[in-house]
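Protein chains in written order, with the working numbering: chain S, 352 to 706; chain P, 352 to 706; chain B, 352 to 706; chain F, 352 to 706.
Just so it is clear, CB atoms sit at the ideal spot from N, CA and C, and this is done for glycine as well.
Being a predicted model, the structure only gives us computed values, none of them experimental.
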């Protein structure tokens, strides 16, 4: 199969770097155009990027000239991935969609829009039905998004419980890694020997995105799940991996053993899609009393699986557990790419120039 | 006033070190005897102690010979402070109490015993009434304890809310400092870039100690408060300071503003005792959106105040907030010392040798 | 004595914050004017400052309006302390000196100028003689500087060795704290679990400043000491405290014991000045095999002493040792203030408005 | 080729874990016997091992029963790898060698023995000639060692310079990772926000091992290189990767460019051996001003390459640079395995039971 030609918006940021890294050897997608802000355009990607990953970018990518984030430079792209900051994403991604592009974004700008699927493929691939609606079809372009980096893992862990027992109420306290704040996150003197109990906008995102992801499409719209969520968000001194303490009240009674069985059995809506970035199982359950731990477990199944542990009774709800997922892999670039793969597998990517 | 003569059990451990540090210039208490395990006895304190605090121990203390933890060596002590490990505390502290000693302990061994006050002076000084009961009086000796390091701050923050509105249900997720695990805590390679979502026995301690502390003494026994608590405990890479995310369901409605007013007005049961270690106000409320932070705020009022911030509505309970307290000061040695001061102020310390 | 009226340039930065903190209860100096960049002027200090120290700024300082760094706003100041960034310091400090102000600066802008003393008071108070020269006298104003934060501790440790034995060659490898880079230092994701073996301009500063500091004033000019220095600079994940591994080749032979004796005996040129910020002894020598350690020892004597340990033979030079000093106290704000105190003690501050 | 049967001594320690990890898919070696101390024998490896690596041990290895470190249990092993602690290594490894085993050890016990090669294959594979000597031949068994974890990288970086220009004097200051201290290294409360300027025995090891490694075998003995080394060792808060600041005085003049050319051209004595663990090039030179950095570069070429950067003139010697190598990969388990591969490639492993 000829690979799809891919453009990246926000290629120099931390999510953009992870996208570049993961596209370096992708079987379906070939990176072709790298877009960034004015500060970087016209110069080689390797020079303008404050590269933070251990392996260097591929030399041919490092030599590539960065272009502005305008549709003219992406005319030949079958797919546009976006790692843009929320501040600029709304305008730029909107422009690309109106220009007929398939935009698969990590940003929060369009997540709650009625005609935009907020996708965790294993959980709600069915939400792609939103793209059948009139507005999206008009121009041929559309936007598909993945959730906030602290939401993806939680949504994955809740999905099998919701299907089997119904999720009614969720209390979640997050301990989020520094990389979640991108290249402009806390300074070392702010982060070391510290917990910062506040991340702007994060609690609100968790509280509203979970309902949409667990909801059902009815008559062309997402009917959100009635789960009520209370989120407490914290930045801790870890490099990667968002760990979350979760208490869940279910509609129907469930023992920890039944919950674990549901989590372990879960394969999700994409079991038959053979998506290249999909982990062998979306959820890995650990039995040890002190796992998952951020550093030891964040790379489970290439960082694409969510790891759940300490499933136990809760004095106030049905049960509680610990949830860990890799925030810049599953929770960002890897999630974005998995969404793009889903679009390809379901025939929703149009080739701009027939291969 | 002649100072009370004080012995320390477990003087070489991390809590023992903090006791030694704080007694160096105490107006009421004079340290006289330093007890530790067999490994250390017969040698100078300064040599056998793996000292972890920034200022060195006073030279005269460093030269003092460490003795075994048996009553014969503490005969002249009006007061015995204990920083012993829970594993050995039950036997040793019991022996001292039966020998007629006033034992003020930081360990968990006797906390839930019916005739042992589990004290946070501002909250439940009235629990000293337990010492009027028959068993304690028998030998003249008794044990008084302070709560687990992750409980003291939470109990202080809940107390004014409980008085004003009634506390029904509490979710708490802790982010606890490494010093809470003492000298044998996690190795550097376990702690760095990591969150460990498990501390043996900690969740159980929080869930049961809160009820006893907020309870009332009726007919010589503590009638626990009916608050139900669900605790999730985590070890994070901070040196000192336990930060806790808390959601509280109250019996009666309360706005965040009403809750803050109750917290700020709180002076507690010891307002008139003029205890040397008591902070000007037991609770400090911060208005900034991102405070308290562990490193910036743990030393508030000498580490003896609990700092509360982000008091705000909760979608699932009445309200939520962030609570921080210094675990080895207020949550351990400082709390132990405050209890001892309360005993002195209330005339419950007998001088072994009349001054 | 009426206190001198003091203005601060760059009051909102990390060094400025430490100056504000230390002036809060200074016996000789009263802070009166707070200057910062345009971004902050006209607004209360407490609002515009990203305050990073554990204790909050004094309320009356927090309420004070920040002014631009131009002499008109500092007319009533007897003394101007500068915590400015090097980028802007040259122009602003120069303007203040030409306007007749006594400027005591932490910045590197004027350190190597012929008529500017580069002071570590205990080492080279005699360099104040530079202020007798013609250019400085002209306007009545002048600039006095303290060395780079990684130089002060090294200069103090070398001074007694230089006096007693002559310092010929110095190899130094630094492990510098994050606070040394100020509020714009490395991000958490750059600092954690990392060593960055490069600090722009730092090695050059160490290599040239040591010679000037250890030099002698002859005929109105500093004749630099002939010591040759090779510096390797590293940023490590510590909050405060620059630790340095040092090998020294001396002109005359010296055993480690002789070196330790010289270090311990050192009181320096300001022994009779009774400067409020001066430590009881400028150098503290530790005998333990594993000290000084950054976190345990950086606050020795209020952070104003340099701590030296592991003085031992070197296979390649005369001897080697470990040197630690607190970079934002002794190495910055505390050093700046000590210089200002020296000026006051030596009668070099003119009162703008007679007291 | 049938794989060699391999036993591991000290299999539960940190180096043992890395050996188990790397043998899981080794083309030449099949792990068969896991030895550890009495505490662990008779129980499954997965239960007794405090596993610290991110990927879990292979299930079949986790199920394997741990045996005591006595030759009877290793009778079928063609090769014995040792990750033992130095305290017990001398006795146990000696026993195995006398029993006729080929022992390839990471421990320091035998490194300086006359008949024991201290190997960095690319540098001194020729030292295998020591095994031709009388004592080793006697029993058929022998011991081969790799250097201390802080020495391997330094020896590799010095080797090409020594060949081309002659190394006369070396200053080195190390910043060593916590994993270098094994499972019993510094506690979190000792490591965080700290530099510990002392590692017992480490400076002596560096100062004496470099000479042996760079030396030549003459008449059956190693004639050490005359390089004199001064080492300053520090433990810093990094997880893996020893970074070293190095100043080198050469016999013959060399510019930084000439040194870099020599480093880049170096392939070493094993260029033709096709060892499975050998990196494509043993040395990677970086041109950026701020590289290598511990976290970003320690995994270069699978952690088997040493990374050199900042090659520049030195005011006191010929030149200086920064050297980084992964201490538990290249500096321990990976180095041990590379030595074993060299023995196999050079025909020095005897099959106990003919394949």
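Classification of residue i by the beta-carbon crowding that lies within 10 angstroms, buried from 16 upward
| i | result |
| --- | --- |
| residue 623 of chain B | exposed |
| residue 669 of chain S | buried |
| residue 352 of chain P | exposed |
| residue 421 of chain P | exposed |
| residue 591 of chain P | buried |
| residue 405 of chain F | exposed |
| residue 606 of chain S | exposed |
| residue 628 of chain B | buried |
| residue 375 of chain P | exposed |
| residue 665 of chain B | buried |
| residue 577 of chain B | exposed |
| residue 369 of chain S | buried |
| residue 555 of chain P | exposed |
| residue 671 of chain F | buried |
| residue 292 of chain F | This structure cannot speak to residue 292 of chain F, because chain F is shown only from 352 to 706. |
| residue 698 of chain S | exposed |
Beta-carbon spacing of residue i, residue j below 7 Å
| i | j | result |
| --- | --- | --- |
| residue 349 of chain F | residue 522 of chain F | Summary: the structure shown does not reach residue 349 of chain F, with chain F confined to residues 352 through 706, and so no result is reported for it. |
| residue 453 of chain S | residue 440 of chain S | no |
| residue 508 of chain F | residue 674 of chain F | yes |
| residue 636 of chain B | residue 615 of chain B | yes |
| residue 631 of chain F | residue 647 of chain F | no |
| residue 527 of chain F | residue 583 of chain F | no |
| residue 458 of chain F | residue 435 of chain F | yes |
| residue 539 of chain P | residue 529 of chain F | yes |
| residue 667 of chain S | residue 519 of chain P | no |
Contacting residues, own chain, Cβ-Cβ under 7 Å from residue i (five flanking each side not counted)
| i | result |
| --- | --- |
| residue 477 of chain B | 568, 620 |
| residue 545 of chain B | 588 |
| residue 656 of chain P | 630, 632, 633, 634, 635 |
Supposed close pair residue i, residue j - CB separation, criterion 8 Å
| i | j | result |
| --- | --- | --- |
| residue 549 of chain B | residue 640 of chain F | 6 Å |
| residue 595 of chain P | residue 505 of chain P | 6 Å |
| residue 471 of chain S | residue 360 of chain S | Not a contact, Cβ separation roughly 21 Å. |
| residue 396 of chain S | residue 410 of chain S | Wrong, their Cβ atoms sit about 10 Å apart, outside the cutoff. |
| residue 683 of chain P | residue 474 of chain P | So it is not a contact: roughly 17 Å between Cβ atoms. |
Cβ neighbours of residue i in the same chain (closer than 6 Å, five flanking residues each side left out)
| i | result |
| --- | --- |
| residue 531 of chain S | 500, 678 |
Neighbourhood of residue i by C-beta distance below 8 Å, restricted to the same chain and skipping five residues each side
| i | result |
| --- | --- |
| residue 399 of chain B | 363, 387, 390, 391, 417 |
| residue 463 of chain F | 469, 559, 560, 563 |
| residue 354 of chain S | 377, 378, 379, 380, 381 |
| residue 703 of chain B | 356, 426, 427, 428, 429 |
Within-7 Å CB hit, residue i to chain C
| i | result |
| --- | --- |
| residue 402 of chain B | Going by chain labels, chain C is absent from the structure shown, which instead holds the protein chains S, P, B and F. |
heavy atom of the ligand HEM below 6 Å from residue i C-beta
| i | result |
| --- | --- |
| residue 582 of chain F | As far as ligands go, the structure on display features none, and thus does not contain the ligand HEM. |
Check: According to a CB-to-CB cut-off of less than 7 Å, which residues of the stretch 541 to 575 of chain B neighbour chain F?
Finding: 544, 545, 546, 547, 548, 549, 558
Next item on the list: Return the residues of the stretch 500 to 516 of chain P that lie within a Cβ-Cβ distance of less than 9 Å from chain S, sorted by chain order.
Entry: none
Note to self: Closer than 8 Å between beta carbons: that is the criterion. Which residues of the stretch 373 to 407 of chain F meet it against chain P?
What the structure shows: 403
Margin query: For the stretch 668 to 682 of chain S, list every residue whose C-beta sits within 8 Å of some C-beta in chain P, in sequence order.
Written below: 668, 671, 673
Next item on the list: With 9 Å as the limit, tell me which residues of the stretch 633 to 655 of chain B have their beta carbon closer than that to any beta carbon of chain P; keep them in chain order.
Entry: 646, 647, 648, 649, 650, 651
Next item on the list: Using a Cβ-Cβ cut-off of less than 7 Å, list which residues of the stretch 521 to 535 of chain F approach chain B; keep chain order.
Entry: 522, 524, 526
Check: Name the residues in the stretch 575 to 592 of chain P whose C-beta lies less than 7 Å from a C-beta of chain S; which are they?
Finding: 579, 580, 581, 583, 585, 587, 588, 589, 590
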